[in-house]
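Asker: Chains as they are written, first to last, in this note's numbering: chain A, 154 to 415; chain B, 176 to 667.
Quick one: the structure is below, questions incoming.
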Ligand code: SF4
């Protein structure tokens with residue numbers, strides 16, 4: 154602690170305030186006050202379905218501009234179909250075997266990926282919290298699948314909080330990152346996203362992800378895949394529009410047919 | 176700062192100007208990023224944001240002790256360790272001790288200007304530790320045994336052919352000058368290094384005291400790797416790289432990524448402020464935050480220069496500066512180059528030692544216009560020149576050039592005494608004769624004045640002064656105060 158008090162003393166000296174008297178933060182309440190987020194949170198909560206759709210469109214435009222592959226899906230099955238196709242068609246970059254890994258998250262569990270590759274040489278890992286081999290499993294995987302906590306339409310940013318079962322490396326180490334975002338977790342801009350972050354009781358490590366890894370260090374030419382994933386697929390899970398839901402109720406076999414061909 | 180040799184600004188500048196390759200890269204860089212940033216500022220909806228961020232930065236400095244204490248407390252509450260280092264040596268000593276305690280054999284670095292400022296690599300290497308830069312640009316620089324020449328684009332001075340040769344030589348790949356292929360080669364080589372390193376060493380773009388976290392931006396993902404995979408993490412942070420609240424963080428971050436690379440956000444912004452949880456398969460087991468003074472408190476104490484601490488190291492001022500745009504980064508002889516380097520390098524490492532830097536800039540004001548936090552660099556450059564002209568106890572600076580000072584005193588004497596002035600003019604005309612060439616220009620002078628004609632010619636003193644010409648030719652038929660303008664026109 155000694156180096157700290159000497160350090161602070163130097164600062165106070167530089168500022169021309171009494172060097173030997175500590176300045177407690179409670180005497181300066183304005184320093185740590187943020188703007189009131191109540192209104193922002195209300196805006197997020199009261200967004201209509203149409204407004205939310207507009208955000209999805211904005212997200213799509215911004216995501217595509219950044220080279221993110223964008224898909225709207227209406228159900229977990231549709232999402233799973235896209236994932237399965239990617240797993241089958243893409244090739245691993247660093248290994249010869251196909252391993253994939255996904256966060257221990259209810260939305261990803263709902264994809265039931267473990268039972269979709271029965272007769273293929275594809276291994277599906279889940280980042281269950283006490284698993285001691287996760288480090289190796291992550292490195293072995295060529296696709297990492299996560300369900301980001303927040304999406305930001307304005308910048309096409311995905312916000313991923315580190316939590317038990319949702320480690321940092323899943324969206325980082327594999328060559329391809331697939332993110333499944335529920336449209337209800339999509340907000341308009343960073344101001345809204347920060348308001349939600351403030352709500353988190355125990356904010357631990359988190360990351361903003363905006364597009365695939367890239368570099369322009371060699372003659373300013375943009376190359377994807379410097380160190381992080383070279384491909385990002387964003388699947389936005391939107392509730393079925395009202396009329397489609399009605400159709401489905403009338404004729405459920407239709408959508409089921411779509412899902413298997415998707 | 177590290178004990179770099181005194182700057183050889185002139186010769187490095189001459190080399191830079193003579194390199195067509197560098198001129199081309201710098202031109203491309205400035206055309207795109209300099210103009211792009213100005214465009215963003217001009218069209219940004221929230222025109223007050225830059226001003227607000229600057230005010231918040233200055234308010235943070237006025238309460239820096241309180242805010243840093245809060246940051247440290249919140250990091251410690253999460254199990255992180257915080258060390259306050261008054262000097263570079265102190266920061267190096269602490270980091271080295273952490274490395275030794277953990278029997279570290281390899282350190283992977285995320286791009287960190289502060290680590291270069293304190294020159295930590297030799298100390299780590301001296302202890303037998305392998306140090307690997309992981310930012311592609313910095314990695315290239317490290318392989319080449321070179322020095323970075325831009326804050327954000329460190330190898331802007333190298334072209335694809337040079338990098339291709341370098342990789343063929345050092346990484347043993349077949350020669351190619353294709354940037355994607357080269358990038359993939361580095362990706363593969365560095366991935367192994369990063370997955371197997373025992374310690375990550377990063378800087379800190381902006382810490383947020385309120386939540387007790389540091390944040391780091393990158394496009395490549397190397398910083399995420401360096402903060403996620405190795406079991407030990409040391410983050411080096413200049414003591415000014417802190418904001419109090421999340422609100423302030425959001426705005427400063429948005430300015431940083433826009434100013435640096437015209438991005439709404441960089442690809443990754445990582446937030447962390449402690450070791451990983453018990454059951455986390457990754458993230459550091461040990462988290463150390465080293466908060467460094469190393470001369471900053473001295474800047475803080477001087478109202479003339481305090482403002483420069485507001486800098487968020489976006490590099491935008493390099494992307495517009497006409498001087499940097501010609502001479503390149505190496506002339507600045509410091510990890511901090513361009514206009515920001517011309518101010519902060521002398522302040523951190525000695526004003527006399529880096530006297531050329533502030534004198535080389537033109538005071539055109541472009542850096543002030545582009546700076547996201549509205550830093551008045553031209554004003555501070557002038558203040559540095561003032562310090563050099565008169566010396567300063569506060570900055571332990573001696574008068575830089577007594578000869579120059581003498582010339583200016585003489586000049587002052589002459590222009591305040593018309594008779595003396597006229598006499599010396601006549602003498603001047605006489606003395607200049609042997610120097611005036613055929614083209615009627617002076618292309619070579621002697622002694623103190625030699626520098627003037629090294630890169631350009633000077634017109635000689637005129638045979639008659641303007642006042643003399645005026646008196647003789649025009650004073651008599653000066654137009655009448657009113658009514659005579661038209662007549663004059665018709666007459667001519
Ligand atoms: S002085 Fe301003 S423009 Fe230059 S690097 Fe710092 S913040 Fe950016």
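Note that beta-carbon positions come from the ideal geometry of N, C-alpha and C, so glycine has one too.
Excluding sequence positions up to five away, which residues of its chain have a Cβ less than 8 Å from the Cβ of residue 302/B?
Answerer: Sequence index remark: in the second chain, residue 302/B carries index 127 (1-based). Same-chain partners within the cutoff: 271, 274 and 275.
Asker: From residue 485/B to residue 309/A, what does the alpha carbon distance come to, in whole angstroms?
Answerer: Walking along the second chain from the start, residue 485/B turns up at place 310. Walking along the first chain from the start, residue 309/A turns up at place 156. One C-alpha to the other measures close to 28 Å.
Asker: Check whether the Cβ atoms of residue 475/B and residue 358/A lie closer than 8 Å to each other.
Answerer: Translated into positions along the second chain, residue 475/B becomes position 300. Translated into positions along the first chain, residue 358/A becomes position 205. Result no, Cβ atoms of residue 475/B and residue 358/A do not sit closer than 8 Å.
Asker: Helix, strand or coil: how does DSSP classify residue 169/A here?
Answerer: For the purposes of this step, residue 169/A is identified with residue 16 of the first chain, where counting begins at 1. In the structure shown, residue 169/A sits in coil (DSSP, three-state: anything other than H, G, I, E or B).
Asker: So what does residue 390/B bridge to, in DSSP terms?
Answerer: Within the second chain, numbered from 1, the residue matching residue 390/B stands at position 215. DSSP, once it has assigned bridges, lists 381/B and 446/B as partnering residue 390/B.
Asker: DSSP on residue 487/B, reduced to helix/strand/coil?
Answerer: Walking along the second chain from the start, residue 487/B turns up at place 312. If DSSP states are grouped into helix, strand and coil, residue 487/B belongs with coil.
Asker: List the residues of chain E whose Cβ lies closer than 8 Å to the Cβ of residue 241/B, in chain order.
Answerer: Going by chain labels, chain E is absent from the structure shown, which instead holds the protein chains A and B.
Asker: When the Cα of residue 307/A is compared with those of 327/A, 275/A and 343/A, which residue comes out closest?
Answerer: Residue 307/A sits at position 154 when you count from the first residue of the first chain. Nearest option by C-alpha distance: 343/A.
Asker: Kindly indicate if chain B contains any beta-carbon less than 8 Å away from that of residue 307/A.
Answerer: In the first chain, residue 307/A corresponds to position 154, counting from 1. So, interface residue.
Asker: What separation, rounded to the nearest whole angstrom, lies between the Cα atoms of residue 459/B and residue 447/B?
Answerer: Along the second chain, one-based indexing puts residue 459/B at 284. Along the second chain, one-based indexing puts residue 447/B at 272. Straight-line Cα distance between these residues: approximately 10 Å.
Asker: Using a Cβ-Cβ distance cut-off of 8 Å, determine whether residue 293/B contacts chain A.
Answerer: Position 118 of the second chain, counted from the first residue, corresponds to residue 293/B. Cβ-Cβ to chain A under 8 Å: no for residue 293/B.
Asker: If we cut at 8 Å on Cβ distances, does residue 295/A have a partner in chain B?
Answerer: Here the question's residue 295/A lines up with position 142 in the first chain. False, the Cβ-Cβ gap to chain B never drops below 8 Å.
Asker: Could you please give the first and the last residue of the uninterrupted alpha helix (DSSP H) stretch that includes residue 428/B?
Answerer: For this step, residue 428/B is matched to residue 253 along the second chain. Element bounds for residue 428/B: 421 to 436.
Asker: Can you check the segment 555 to 598 of chain B for any alpha helix (DSSP H) of at least 4 residues that lies completely inside it and give the ranges in chain order?
Answerer: With a minimum length of 4 residues, the continuous alpha helix (DSSP H) runs that stay inside the segment 555 to 598 of chain B are 577 to 590.
Asker: Got a sec: does ligand 1 put a non-hydrogen atom nearer than 7 Å to the Cβ of residue 550/B?
Answerer: Translated into positions along the second chain, residue 550/B becomes position 375. For ligand 1, at least one heavy atom lies less than 7 Å from the Cβ of residue 550/B.
Asker: Please tell me whether residue 320/A has its Cβ less than 8 Å away from any Cβ of chain B.
Answerer: Walking along the first chain from the start, residue 320/A turns up at place 167. So, interface residue.
Asker: Taking the DSSP output, what are the residues bridged to residue 310/A?
Answerer: Numbered from 1 along the first chain, position 157 holds the residue referred to as residue 310/A. DSSP lists 305/A as partners of residue 310/A.
Asker: Count the other CB atoms within 10 Å of the CB of residue 372/B; is the residue buried (16 or more) or exposed (fewer)?
Answerer: Taking the first residue of the second chain as 1, we reach residue 372/B at position 197. Residue 372/B is buried by the Cβ-count criterion.
Asker: Which residue comes first and which comes last in the beta strand (DSSP E) that contains residue 283/B?
Answerer: Residue mapping note: residue 283/B aligns to position 108 of the second chain, counting from 1. From DSSP, the beta strand (DSSP E) with residue 283/B extends over 281 to 284.
Asker: Per DSSP, which one or two residues make a beta bridge with residue 339/A?
Answerer: Working through the first chain from its first residue, we reach residue 339/A at position 186. DSSP output for residue 339/A lists 304/A as bridge partner(s).
Asker: How far does the alpha helix (DSSP H) with residue 191/A in it extend, from its first residue to its last?
Answerer: Position 38 of the first chain, counted from the first residue, corresponds to residue 191/A. Note, residue 191/A: alpha helix (DSSP H), 191 to 198.
Asker: Do we get a CB-CB distance below 8 Å when we pair residue 549/B with the residues of chain A?
Answerer: For this step, residue 549/B is matched to residue 374 along the second chain. It does not; no Cβ of chain A falls within 8 Å.
Asker: Just the Cα atoms here: how many angstroms apart are residue 392/B and residue 382/A?
Answerer: Your numbering for residue 392/B matches position 217 in the second chain. Your numbering for residue 382/A matches position 229 in the first chain. When rounded, the distance between both Cα atoms is 16 Å.
Asker: What is the DSSP secondary structure of residue 218/B, counted as helix, strand or coil?
Answerer: Sequence index remark: in the second chain, residue 218/B carries index 43 (1-based). Residue state, collapsed to three classes: helix.
Asker: Look at the alpha carbon of residue 385/A and the alpha carbon of residue 312/A, and state the distance between them as a whole number of angstroms.
Answerer: Position 232 of the first chain, counted from the first residue, corresponds to residue 385/A. Position 159 of the first chain, counted from the first residue, corresponds to residue 312/A. The straight-line gap from Cα to Cα measures roughly 14 Å.
Asker: Using CA coordinates, which residue listed in 378/A, 158/A, 376/A and 316/A is at the minimum distance from residue 353/A?
Answerer: Translated into positions along the first chain, residue 353/A becomes position 200. Closest by alpha carbon: 316/A.
Asker: Quick check: is the beta carbon of residue 176/B nearer than 8 Å to any beta carbon in chain A?
Answerer: Locating residue 176/B in the second chain gives position 1, counting from the first residue. Note that residue 176/B scores 49 on pLDDT, short of 50, meaning its location in the model is unreliable and no value can be drawn from it.
Asker: Determine which residues of the segment 497 to 524 of chain B have a Cβ less than 9 Å from any Cβ of chain A, and write them out in chain order.
Answerer: Under the 9 Å Cβ criterion, the segment 497 to 524 of chain B contributes no residue.
Asker: Could you name the residues of the segment 440 to 456 of chain B whose beta carbon sits closer than 8 Å to any beta carbon of chain A, in the order they occur along the chain?
Answerer: Taking 8 Å as the Cβ-Cβ cut-off against chain A, the residues of the segment 440 to 456 of chain B that qualify are 440, 441, 442, 443, 444, 445, 446, 447, 448, 449, 451, 452, 454, 455 and 456.
Asker: Can you tell me whether residue 553/B sits near ligand 1, meaning its C-beta is under 7 Å from at least one heavy atom of the ligand?
Answerer: The residue given as residue 553/B occupies position 378 in the second chain. Outside the cutoff, so no.
Asker: Spell out a yes or no on whether the segment 393 to 403 of chain B and the segment 282 to 300 of chain B are touching, meaning 3 or more CB-CB pairs, one atom from each, closer than 8 Å.
Answerer: Touching, per the Cβ criterion.
Asker: Measuring CA to CA, which of 541/B, 231/B and 472/B is closest to residue 427/B?
Answerer: Within the second chain, the letter at position 252 stands for residue 427/B. Answer by Cα proximity: 231/B.
Asker: Residues of chain A with a CB under 9 Å from the CB of residue 203/B: which are they?
Answerer: Reading the second chain from its first residue, position 28 is the one you call residue 203/B. Within 9 Å Cβ-Cβ: 372 and 373.
Asker: If you count every other CB in all the chains shown that lies within 10 Å of the CB of residue 451/B, and 16 or more means buried, which is it?
Answerer: To locate residue 451/B, count along the second chain from 1; it is residue 276. When all chains shown are included, residue 451/B counts as buried.
Asker: Which residue comes first and which comes last in the beta strand (DSSP E) that contains residue 223/A?
Answerer: For the purposes of this step, residue 223/A is identified with residue 70 of the first chain, where counting begins at 1. Residues 222 to 226.
Asker: Residue 501/B to residue 406/B, Cα distance in whole Å?
Answerer: By one-based count along the second chain, residue 501/B stands at place 326. By one-based count along the second chain, residue 406/B stands at place 231. So the two alpha carbons sit approximately 43 Å from each other.
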